[in-house]
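Everything on this sheet refers to the single structure shown next.
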Amino acid sequence: MPAPVTGAHPAVRPRLILDGPGREGRADYERRGGYRPGLDGQDLVTAVTEAELRGRGGAAFPLGVKLGAVAGRAGEHVVVANGEEGEPASVKDRWLLRTRPHLVIDGALRAASAVAADTVYVYVSDPAAARSVRAALAELGGLPAGVEVWEAEPGYVAGEETAAVNAINGRPAKPSDKPPRPFEEGVRGLPTLVSNVETLANLPGIATGADPGTGTFLMTLGGACAQPGLYEVPFGITLGEAAESLGGLGGAPRGYLMGGYFAGLLNGRRGHGLPLDYDVMAAEGSGLGCGSVTVLGPADCPAGVAAQLLAYFARENSGQCGSCFNGTAAMAGVAAALAQGFAGDPEIERLHSWCQSLPGRGACGTLDGAVNIARTLLREFPADVDAHLRGRCARCAGTDFAALTVPFAAAPDAITPDLVNTEEAVL
Amino acid sequence: MKIKIDRTMCDGFGKCAEHAPTVFSLDEWGYASLAASPDVPDELEPAVRRALLDCPVDAIVERQA
């Protein structure tokens, strides 16, 4: 497989992806228009609302609403710039923090002004990202808000918004049940804005008017494609066009895994024609989530992929909610049995039944993500499911479903090395 | 009365669904979620209050309306 690259769709004038290699320092960032005065406070909340900026962490929640919810509450407020990228198939947040730390800091400071917060936490687990942000902060002085890097243990659930708040409050980085949400009660019990770092990276352009457009997002493209990497992509083009134009597919894909591990599978034919749009994807029973797209090729069996992903959910859930630790284990068991050719119609009926009864029964979205995998395997690949009910699958026969695999994990070091350490080595 | 279940606390005792089966739904392993709105109708409030007091792990919380 070729080394991953960074790039942009041909129709895009990149705002987030840089044209050159290396890590952007303060002077480079300021030359590109960074840290310039712009809208702040309520004016910025209004501008973000009008720009219809939606959260890039996975939930696509309108940032203007979130800003307004925190700003409207009495007393002190806190901002958490969430860079804990728990989704194994996504690399964008680590790339941003490692490569463009000033863009994220600038965005977080503007969010702090919008919600009148005087404390910002940059919440990460990637050590190279933490070093990059600390090095960037050392280049700055006299900030309008205190900015602190907060390092957490990595984990699938550690980037969930209440897990971030719990970690900063000195508890394990595991989700809480809602309500309260962080905007009501967050860090030190204060109203807290938790926002993904890519979302925040859109704020400087909106605040200064330099780049009010929010029409692109960062896509981690991986799996069976000719050129995996991190790409800036316009919303609205089809999944097929994006995958073909970004290095090519090298054959018709069997399917796509959407939004990290969260938004489920699409079969190749249907996925090809769907637009990269939060609402259309949701209406089609899929999602953009964190923006990652993993291509399943001829060597990938959808049933085997689903079994591996469900095994991951069964292993990596936080072990808190009974419906989740039981439900993910049960679905993983049936999916592995199906892939290995031991499942029958009663098992498939149980899988269908869990897909109906389990969504929404966890404190966070982990159980829903697992259900999305099971539900979309059944919906998008009925012929493959059927074939596994009738006999052994040659591709799955060689797979160890009990192995601790992290399928299609992105490789941040291959996309952007630990640039701070490299610079220090040069010095 | 307005309630929530903290699903991270629930240990699947199922007392809540015995007292107020229309308010609390159990999954097939016995773990509870709210079956309907967190706003409890007045006529169900006595049963929900018993469920709240009977929950061995205090997973049911009364919220400010």
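These protein sequences, in sequence, are chains A and B.
Residue numbers for the first sequence, in our numbering: 3 to 429.
Residue numbers for the second sequence, in our numbering: 13 to 77.
We put the beta carbon where it would ideally sit given N, CA and C, even for glycine.
Bear in mind the structure is a predicted one, so any value in this text is a computation, not a measurement.
Worksheet item: Counting only beta-carbon atoms, is A/Arg363 nearer than 8 Å to chain B?
Response: Taking the first sequence and counting its residues from 1, the one referred to as residue 363 of chain A is at position 361. Closer than 8 Å to some Cβ of chain B, the Cβ of A/Arg363 qualifies, so yes.
Worksheet item: Roughly how many whole angstroms lie between the Cα atoms of A/Ala212 and A/Val235?
Response: Looking up residue 212 of chain A in the first sequence gives position 210. Looking up residue 235 of chain A in the first sequence gives position 233. Cα-Cα distance, rounded: 19 Å.
Fill in: Counted within 10 angstroms of its Cβ, other Cβ atoms place A/Arg58 as buried (16 or more) or exposed
Your numbering for residue 58 of chain A matches position 56 in the first sequence. A/Arg58 is buried by the Cβ-count criterion.
Discussion item. By DSSP's criteria, B/Arg75 is part of a beta bridge. Which residues make up the other side?
Written reply: Looking up residue 75 of chain B in the second sequence gives position 63. B/Arg75 has B/Lys14 as its beta-bridge partners, per DSSP.
Worksheet item: What residue does the beta strand (DSSP E) around A/Leu298 start on, and which one ends it?
Response: Residue numbering aside, residue 298 of chain A sits at position 296 when the first sequence is read from its first letter. Where A/Leu298 is concerned, the enclosing beta strand (DSSP E) starts and stops at 295-298.
Fill in: A/Thr194 versus A/Val373, A/Ala254, A/Asp120, A/Ala131, residue with shortest Cα-Cα distance
As a position in the first sequence, residue 194 of chain A is number 192, starting the count at 1. Minimum Cα distance to A/Thr194 is reached at A/Asp120.
Discussion item. Taking 8 Å as the threshold (beta carbon to beta carbon), is B/Cys67 in contact with chain A?
Written reply: For the purposes of this step, residue 67 of chain B is taken as residue 55 along the second sequence, with counting starting at 1. Chain A contact via Cβ: absent.
Worksheet item: Taking the C-alpha atoms as reference points, what is the distance between A/Leu241 and A/Cys303?
Response: Walking along the first sequence from the start, residue 241 of chain A turns up at place 239. Walking along the first sequence from the start, residue 303 of chain A turns up at place 301. Approximately 20 Å between the Cα atoms of the pair.
Worksheet item: How about A/Pro230: is its C-beta nearer than 8 Å to some C-beta of chain B?
Response: Along the first sequence, one-based indexing puts residue 230 of chain A at 228. With respect to chain B, the C-beta atom of A/Pro230 has no partner C-beta closer than 8 Å.
Worksheet item: From A/Pro64 to A/Tyr280, what distance separates their C-alpha atoms?
Response: Residue numbering aside, residue 64 of chain A sits at position 62 when the first sequence is read from its first letter. Residue numbering aside, residue 280 of chain A sits at position 278 when the first sequence is read from its first letter. So the alpha carbons of these two residues sit roughly 11 Å apart.
Discussion item. So, for A/Ala131: in the same chain, excluding its five sequence neighbours on each side, which residues have a beta-carbon less than 7 Å away from its beta-carbon?
Written reply: Residue 131 of chain A sits at position 129 when you count from the first residue of the first sequence. The answer, listed in chain order, is Gly85, Arg96, Leu99, Arg100.
Worksheet item: Taking three-plus beta-carbon pairs below 8 Å as touching, is the region 374-388 of chain A in contact with the region 303-318 of chain A?
Response: Contact between the region 374-388 of chain A and the region 303-318 of chain A is present, because at least three Cβ pairs lie under 8 Å.
Worksheet item: Quick one, are the C-beta atoms of A/Thr164 and A/Pro181 less than 8 Å apart?
Response: Position 162 of the first sequence holds residue 164 of chain A. Position 179 of the first sequence holds residue 181 of chain A. No. Outside cutoff.
Worksheet item: What residue does the alpha helix (DSSP H) around A/Asp128 start on, and which one ends it?
Response: The residue given as residue 128 of chain A occupies position 126 in the first sequence. Counting along the chain, A/Asp128 falls outside any alpha helix (DSSP H), and DSSP gives it neither H nor E.
Discussion item. Does A/Leu406 come out as helix, strand or coil in the three-state DSSP assignment?
Written reply: Residue mapping note: residue 406 of chain A aligns to position 404 of the first sequence, counting from 1. If DSSP states are grouped into helix, strand and coil, A/Leu406 belongs with coil.
Discussion item. Closer than 8 Å is the cut-off here; do at least three beta carbon pairs connect the region 218-234 of chain A with the region 244-260 of chain A?
Written reply: Yes, they touch.
Discussion item. Let me confirm a value: A/Asn171 is counted as buried when at least 16 other C-beta atoms fall within 10 Å, else exposed. Which label applies?
Written reply: The count along the first sequence starts at 1 and reaches residue 171 of chain A at position 169. Its Cβ having fewer than 16 others within 10 Å, A/Asn171 is exposed.
Worksheet item: For A/Cys288 versus A/Ser92, is the C-beta spacing smaller than 8 Å?
Response: Counting from one through the first sequence, the residue named residue 288 of chain A turns up at place 286. Counting from one through the first sequence, the residue named residue 92 of chain A turns up at place 90. The sequence given here has Ser at residue 288 of chain A, not Cys. Contact: no.
Worksheet item: For the region 170-190 of chain A, which residues have a beta carbon sitting closer than 7 Å to at least one beta carbon of chain B?
Response: Residues are counted here when their Cβ sits less than 7 Å from a Cβ of chain B; for the region 170-190 of chain A these are Ser178, Asp179, Pro181, given in chain order.
Worksheet entry | Residues of the region 16-30 of chain B whose Cβ lies closer than 9 Å to any Cβ of chain A, in chain order | Listed by position, the residues of the region 16-30 of chain B near chain A (Cβ gap below 9 Å) are Lys16, Ile17, Asp18, Arg19, Thr20, Met21, Cys22, Asp23, Gly24.
Practice prompt. Output yes or no for whether 8 Å exceeds the beta carbon distance between A/Arg56 and A/Ala62.
Written response: Start at 1 with the first residue of the first sequence, and residue 56 of chain A comes out as number 54. Start at 1 with the first residue of the first sequence, and residue 62 of chain A comes out as number 60. Yes. Within cutoff.
Fill in: Proximity below 8 Å, CB of A/Val124 to CB of A/Ala83
One-based indexing of the first sequence puts residue 124 of chain A at position 122. One-based indexing of the first sequence puts residue 83 of chain A at position 81. It is a contact, given that the beta carbons lie within the stated cut-off.
Worksheet item: For A/Tyr258, which beta-bridge partners are listed by DSSP?
Response: Position 256 of the first sequence, counting from 1, holds the residue named residue 258 of chain A. The partner list for A/Tyr258 (beta bridge, DSSP) reads A/Leu268, A/Val297.
Worksheet item: Taking C-alpha atoms, which residue in A/Gly43, A/Gly66, A/Ser325 lies nearest to A/Glu54?
Response: Stepping through the first sequence from its first residue, residue 54 of chain A is reached at position 52. Distances from the CA of A/Glu54 to each of A/Gly43, A/Gly66, A/Ser325 were compared; the closest alpha carbon is that of A/Gly66.
Worksheet item: In three-state DSSP terms, what is A/Leu429?
Response: Stepping through the first sequence from its first residue, residue 429 of chain A is reached at position 427. With a pLDDT of 35 at A/Leu429, under the threshold of 50, the predicted position of this residue should be treated as unreliable, though the coordinate-derived value follows. In this structure, A/Leu429 counts as coil in the three-state DSSP scheme.
Worksheet item: For the region 49-94 of chain A, which segments carrying the beta strand (DSSP E) assignment without a break, of at least 3 residues, lie completely within its bounds, in sequence order?
Response: Within the region 49-94 of chain A, the complete beta strand (DSSP E) segments at least 3 residues long are 79-84, listed from N- to C-terminus.
Item to complete: Please list the partners that A/Cys323 has in chain B, where partner means a Cβ-to-Cβ separation under 8 Å.
Response: Walking along the first sequence from the start, residue 323 of chain A turns up at place 321. What A/Cys323 touches in chain B: Arg19, Thr20, Cys22, Tyr43.
Worksheet item: So A/Ala389 and A/Cys395 are in contact, right, with Cβ under 8 Å, and what is the actual spacing, rounded?
Response: In the first sequence, residue 389 of chain A corresponds to position 387, counting from 1. In the first sequence, residue 395 of chain A corresponds to position 393, counting from 1. About 7 Å separates the two Cβ atoms, so the contact holds.
Worksheet entry | Coil, strand or helix - A/Asn168 by DSSP | Your numbering for residue 168 of chain A matches position 166 in the first sequence. In the structure shown, A/Asn168 sits in a helix (DSSP, three-state: H, G or I).
Worksheet item: On the premise that A/Glu89 lies in contact with A/Tyr258, defined as a C-beta separation below 8 Å, what is that separation, rounded to the nearest angstrom?
Response: Counting from one through the first sequence, the residue named residue 258 of chain A turns up at place 256. Counting from one through the first sequence, the residue named residue 89 of chain A turns up at place 87. About 15 Å; that fails the 8 Å criterion.
Worksheet item: So is A/Leu312 in contact with chain B if we call contact Cβ pairs under 8 Å?
Response: As a working note, residue 312 of chain A is residue 310 in the first sequence. In terms of beta-carbon proximity, A/Leu312 stays away from the interface with chain B, with every pair separated by 8 Å or more.
Practice prompt. Could you tell me whether any Cβ in chain A is nearer than 8 Å to the Cβ of B/Asp51?
Written response: Residue 51 of chain B sits at position 39 when you count from the first residue of the second sequence. Cβ-Cβ to chain A under 8 Å: no for B/Asp51.
Discussion item. Going by DSSP, what residue range makes up the beta strand (DSSP E) through B/Ala44?
Written reply: By 1-based counting over the second sequence, the position of residue 44 of chain B is 32. B/Ala44 -> beta strand (DSSP E) spans 44-46.
Discussion item. For A/Gly74, tell me which candidate among A/Gly35, A/Ala110, A/Ala116, A/Asp108 has the shortest Cα-Cα distance.
Written reply: Working through the first sequence from its first residue, we reach residue 74 of chain A at position 72. Comparing Cα positions, the closest option is A/Ala116.
Worksheet item: Do A/Thr296 and A/Ala316 have their CB atoms nearer than 8 Å?
Response: In the first sequence, the residue the question calls residue 296 of chain A occupies position 294. In the first sequence, the residue the question calls residue 316 of chain A occupies position 314. Going by C-beta atoms, A/Thr296 is not nearer than 8 Å to A/Ala316.
Worksheet item: Would A/Phe344 be called buried (16 or more neighbouring beta carbons within 10 Å of its own) or exposed?
Response: Mapped onto the first sequence, residue 344 of chain A falls at position 342. Burial call: exposed.
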